[in-house]
Amino acid sequence: MPAPPPALPRARRIGIASGHAGRLRWPRGLLRSAGLRFAGLYAALFGLSALALVLFLWWDTAALLDRQVDAAIRADAQGLNERWESGGLPALILTIRERLAENIDDDAIYMLVDNTGRRLAGNLDRWPPGITTDDDWYEMPIVRDRVRSLARVHNFALPGGFHLLVGRDVEARVKLRRILTDAMLWAVLVVAGLGGLGAFLVRSVLRGMLADISRTTAAIGAGDLTRRVRLSGRGDEFDRLAETINDMLERISRLMEGVRAVSNAIAHDLRTPITRARTRLEDALAHADAAADLRAAIERAEADLDGIVAVFQAILRIAEIEAGARRSAFSPFDLVPVLGDLAELYGAVAEERGLTFIFRSPAALMLFGDRDMIQQAVANLLDNALKFSPPQGEIRLLAESQGRIVRITVTDQGPGIPEAERARVTERFYRGESARTTPGSGLGLALALAVAQLHDGTLTLTDNAPGLAATLNLPGQED
Amino acid sequence: MRILLVEDDKDVAGFIAKGLREAGHVVEHADNGRDGLFLAASENFDAIILDRMLPGGVDGLRLLETLRSQDNHTPVLFLSALAQVDDRIRGLKAGGDDYLTKPFVFAELLARVEALTRRSRNEGPQTKLVVGDLEMDLLARNVRRAGQKIDLQPREFRLLEYMMRHAGQVVTRTMLLEGVWDYHFDPQTNVIDVHVSRLRQKVDKPFASAMIHTIRNAGYMLRAEGA
């Protein structure tokens, strides 16, 4: 096996070191994590609501049992009282014995004593100490059949000094309450566990959703403008956030692209004419003897500078259009008079050059956009058409609407543009083979394209056989 | 004409001042906004040439807004390196009468400044323009030269109207494009020349003398014979 490159172990060491540092910082980072805060909130809410439910159940169950016991005792006492009233002491004693015999659950407690405290009937060995007040409730430990138990009893005072104790063994209720308490303690543990788990899930889901956004924006910040936030496709809030961010990134990168293109253009394409102007001036300074030669050189340089300014202004104008700043100036307008004016302006020139100029349009074509920009874009197309038309050629300016799309087409019968070159001519400064000998900044089509894109439209170049057909496709104004 | 020039670049200011003086104007120069505002507010000028970006805390826009708020209506031509559409709109909204971007051709500047002063003198509606034997009735929309009716297309009418309103002054191609067609870009084709030449066919050709003259390196001028 070949030895690993020496850079690798070092990198790995650094990785481990930074991982360790990260683990040391973990608790503080954890406290600052919004995911954990949300998760904590979730767990707390979940735990509190579960606890509230459990407590309510506990109290409700316990109180229900208490009420049942009390009701049973009262009903029992009521029955015994009736027996006492109808049959006197013997009937009462008999009834108590019967009831004890019939008591299958073995939870009933009776005790009847006379005024001396002697036991007349009942299943308690002796009158429990501490029961002194008449007509009152007591909860007390008792021993029955040598088994310690808990009872709830009521002490009734009967005429003639007799005392009747009616009660129920509530040991079972206590046991039930204990079971319930245990169950609830377990439930609290389970709730805490589930809450923690839920919190962890919430946190990792949040984290996963935000991680891509923060990774992407970090990469953008570091200079990688091609990165975009991934969409989950669920169309939820995070997707919407991601879409907004992506739109913003798209715009930023387009602006950056524009800045880059402008600086490239300035660097490459302005340098040539500036060099030419400078060379001419230097040449004149060194070699021109007569004042007339110098004057001629200065005039040529002036013309060169004018050309440079024209290119420069075109670059800035395209940059301005591409930045989209003019979109705020959009308004609805009728395209037909705009084109009519252009047709009149350029038609005269065509006529003078012996060309045929045809303008056709419907009565009205509503557009929503920047009137001046569209004017300039069409003027550029017409400039081109005039520039490349052969003698006796024909130039057409056609406008039509096709569905929602408004088409403005300018055709000529010039040399046209070979298909392979068509995509490139809208690039800034690109000038086709056949255009090399004609004057121009080479920015006409680029500007027309920028205007089309500003209006969410396109610029298509097709073969007019012979010649070129340049079409601006712009979205029309809805009624 | 008394012209105030507010421009901080010494070379440009010197060049403009020299050119204006050669053309027979009196020029006062301020190289910052504060002095410019002081001069503009305290003295009478026929026109102000105003740079937008000025040192001294008061820029061109502020200067003009202050001036206009004092009810001073001296015509102002902005001369600025800020060339975007919005910059231009802002300049005109602040009360500027014209906007020329740097770099500029001196002939253009001169023509525009002279046109400005004429415009301010001729305020109030006119119904008739007369230059020499050329008459234009703005209400009936007809044109006569030496009593003879000339038929013009609507655009030709507006072109001639513009030139008559600036009779005796140089009008540049850009001024015509802006003033007659309301276009704010430079076509690469000689569109204006073609239209002026058509107008000449109708206004000058049938008559003994020409009124529309080509001014080399600048533009055109309409003037009465012998003027």
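Heads up: the protein sequence lines correspond to chains A and B, in order.
Following our numbering, the numbering of the first sequence begins with 63 at its first residue and continues without gaps.
Following our numbering, the numbering of the second sequence begins with 77 at its first residue and continues without gaps.
Built from N, CA and C at the ideal position, the CB exists for glycine as well.
- If you look at Lys-94 of chain B, you'll find it in the alpha helix (DSSP H) that goes 86-98.
- Contact between Glu-382 of chain A and Gln-160 of chain B holds, with the beta-carbon distance rounding to 5 Å and staying under 8 Å.
- Proximity of the region 454-463 of chain A to the region 410-429 of chain A meets the contact definition, three or more beta-carbon pairs being nearer than 8 Å.
- Excluding residues up to 5 positions away in sequence, nothing lies with its Cβ nearer than 6 Å to the Cβ of Arg-129 of chain A in the same chain.
- Per DSSP, the continuous beta strand (DSSP E) segment holding Tyr-175 of chain B begins and ends at 174-177.
- For Pro-537 of chain A, the enclosing beta strand (DSSP E) stretches over residues 530-537.
- Secondary structure note for Leu-80 of chain B: it is in no alpha helix (DSSP H), and the uninterrupted beta strand (DSSP E) holding it is 78-82.
- Ala-213 of chain A is positioned such that its CB atom lies closer than 7 Å to that of Ile-171 of chain A.
- By the neighbour-count definition (other C-beta atoms within 10 Å, threshold 16), Arg-357 of chain A is an exposed residue.
- Under DSSP, Thr-337 of chain A forms no beta bridge with any residue.
- Judged by their CB atoms, Ala-139 of chain A and Val-228 of chain A are nearer to each other than the 7 Å cut-off.
- Per DSSP, reduced to three states, the secondary structure at Asp-213 of chain B is strand.
- Not one beta carbon of chain B lies nearer than 7 Å to the beta carbon of Glu-456 of chain A.
- Looking only at A:Arg-230, A:Arg-210, A:Glu-201, A:Asp-196, the smallest Cα-Cα distance to Asn-217 of chain A is reached by A:Asp-196.
- Under DSSP, the beta-bridge partners assigned to Glu-456 of chain A are A:Thr-418.
- For Thr-194 of chain A, there is no enclosing beta strand (DSSP E), as DSSP gives it neither H nor E.
- When C-alpha distances from Met-435 of chain A are compared across B:Arg-188, B:Glu-184, B:Ser-285, B:Asp-162, the shortest belongs to B:Asp-162.
- Across the structure, Trp-248 of chain A and Asp-231 of chain A are spaced so that their CA atoms are roughly 28 Å apart.
- Counting along the chain, the unbroken alpha helix (DSSP H) around Met-251 of chain B starts and ends at 249-256.
- Put simply, the region 280-287 of chain A does not touch the region 254-268 of chain A. Fewer than three CB pairs are less than 8 Å apart.
- Residues of the same chain with a CB within less than 8 Å of the CB of Arg-144 of chain B, apart from the 5 flanking positions on each side, are Ala-170, Gly-171 in chain order.
- Residues Ala-183, Ala-187, Val-246, Thr-248 of the same chain have their beta carbon placed closer than 7 Å to that of Ala-294 of chain B, with the five preceding and five following residues left out of the count.
- Take the alpha-carbon of Leu-303 of chain A and the one of Ala-391 of chain A: they are about 28 Å apart.
- Here the region 329-342 of chain A makes no contact with the region 136-143 of chain B; the two share fewer than three CB pairs at distances below 8 Å.
- Apart from sequence neighbours up to five positions away, the residues of its chain that approach Phe-419 of chain A with a beta-carbon distance below 6 Å are Gly-409, Ala-412, Ile-457, ordered along the chain.
- Val-256 of chain B places its beta carbon 7 Å or farther from that of Arg-274 of chain B.
- The three-state secondary structure of Pro-203 of chain A, taken from DSSP, is strand.
- Using a Cβ-Cβ cut-off of 7 Å, Arg-231 of chain B counts as an interface residue toward chain A, since at least one Cβ of chain A sits closer than that to its own.
- Here the C-alpha atom of Met-239 of chain B lies approximately 30 Å from the C-alpha atom of Arg-362 of chain A.
- As a beta-bridge residue in DSSP terms, His-105 of chain B pairs with B:Leu-81.
- Across the region 114-141 of chain B, no CB contact with chain A closer than 9 Å is found for any residue.
- Closer than 8 Å at the C-beta level to chain A, one finds these residues of the region 254-269 of chain B: Trp-257, Tyr-259, His-260, Phe-261, Asp-262, Pro-263, Gln-264, Thr-265, Asn-266, Val-267.
- In this structure, A:Ala-323 is the residue among A:Gln-464, A:Ala-323, A:Gly-222, A:Leu-110 with its C-alpha nearest to the C-alpha of Leu-378 of chain A.
- In the DSSP assignment, Ala-183 of chain A is bridged to A:Leu-174.
- With the rule of 3 Cβ pairs closer than 8 Å, the region 439-453 of chain A counts as touching the region 462-482 of chain A.
- At a cut-off of 7 Å between beta-carbon atoms, Gln-160 of chain B makes contact with chain A.
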